Amino acid sequence: TLRVVLITTHVPFRDVAALLTVDRVVRTGRVVRTALHDWWGLDQPRLVLCALNPHAGESGLFGDEEARVLEPAATVLQAAGPLPADTVFVRAMRGEFDVVLAPYHDVGMTAIKVAAFGRAVNVTLGLPFPRTSPDHGTAFDIAGSGTADPSSMRAALELASVPPVDTAPIEARIAANPDDLDARFELAGARMAAGDRDSAADELLEIIGRDREWNEGAARKRFLQLLEAQGLEDPWARGQRRRLSALLFT
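For the sequence shown, the positions run 245 to 494 when our numbering is used.
The following block contains the structure:
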């Protein structure tokens, strides 16, 4: 299995270096770690950063982005790397890492499409519900011709319909220790994945009520993501916002 996450996406290559900041890499890495834990069930996801420059900069000979941006970000994330692009994807495919954070579009997508064209799936992370799509564009040039290969679409649908996580062990942890906020956050993620927005909101609000600053405000951030996904003017979202306000200002 090869998992690749893009730190920058559809931007000109000449703009990549300026967009590649420590904050951007760290924020991306944290979203990835949460998703691999909540959706893929990996307790300790192994992240690795792909270098921007040849030979990972060769000690500054080919650029300083590795030392100036990627190494500090890797330290914060407790990730490996940055490792050269010509070897890091092979090492990930051999099982050394769970996901590669690629600095720009083509270095990451080339690896994915060489490894699994027609079988790869695009997944949008950071949402409170599954969102997948094929690993290719719309191909309007062959639309209606009967020649399109639906393999990637099938793979995307199959991944989005993965059976829900068994929450019984998580609920047992909470029953044994109601202050296990990690377990509550994990349960909220499982509830969102199952489409149970009410239970997910309840667990997130419970965390906020017990410790609103827990994990750098992770529960509040996830709660707001849940509301944004519904639409902030949605009646349900408005009701949940009132619950959050009552909790924060009482």
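Here a beta-carbon is modelled for each residue, glycine too, at the ideal position from N, C-alpha and C.
Values in this document were obtained by computation on a predicted structure and should not be read as measured data.
{"Asked": "From the DSSP secondary-structure annotation, give me the bridge partner or partners of Asn-421.", "Found": "Answer is none; Asn-421 lacks a bridge partner."}
{"Asked": "At the level of alpha carbons, what is the spacing between Asp-267 and Ser-389?", "Found": "46 Å"}
{"Asked": "How many angstroms separate the CA atom of Thr-253 from the CA atom of Ala-419?", "Found": "42 Å"}
{"Asked": "What first and last residue would you give for the beta strand (DSSP E) that runs through Asn-366?", "Found": "365–367"}
{"Asked": "Between which residues of its own chain and Phe-429 is the CB-CB distance below 7 Å, once the five residues before and five after are set aside?", "Found": "Ile-451, Ala-462 and Ala-463"}
{"Asked": "Rounded to whole angstroms, what's the CA-CA distance from Leu-321 to Ala-392? Just pull it up for me.", "Found": "41 Å"}
{"Asked": "If you run the structure through DSSP and keep just helix, strand and coil, what is Val-255?", "Found": "coil"}
{"Asked": "Once DSSP output is grouped into helix, strand and coil, what is the label at Gly-325?", "Found": "strand"}
{"Asked": "For Pro-298, tell me which candidate among Pro-347, Pro-413, Thr-411 and Met-337 has the shortest Cα-Cα distance.", "Found": "Pro-347"}
{"Asked": "Please state the DSSP three-state secondary structure of Val-409.", "Found": "coil"}
{"Asked": "Any beta-carbon of chain D closer than 9 Å to the one on Val-358?", "Found": "This model lacks chain D altogether; it includes just one protein chain."}
{"Asked": "Are the region 440–449 and the region 484–493 touching, with three or more C-beta to C-beta distances below 8 Å?", "Found": "yes"}
{"Asked": "Applying the criterion that 16 or more other CB atoms from any shown protein chain within 10 Å of the CB defines a buried residue, is Ile-414 buried or exposed?", "Found": "buried"}
{"Asked": "Taking Phe-527 and Ala-473 to be in contact with their CB atoms under 8 Å, please state how far apart those CB atoms are, rounded to whole angstroms.", "Found": "No answer is possible for residue 527: it lies beyond the span of the chain, which begins at 245 and ends at 494."}
{"Asked": "Starting from Thr-272, trace the alpha helix (DSSP H) both ways and give me its first and last residue.", "Found": "266–282"}
{"Asked": "Does the Cβ-Cβ distance between Arg-456 and Leu-431 come in under 9 Å?", "Found": "no"}
{"Asked": "Leaving out five residues before and five after Leu-314 in sequence, what residues of the same chain have Cβ atoms less than 6 Å from its Cβ?", "Found": "Leu-293 and Pro-326"}
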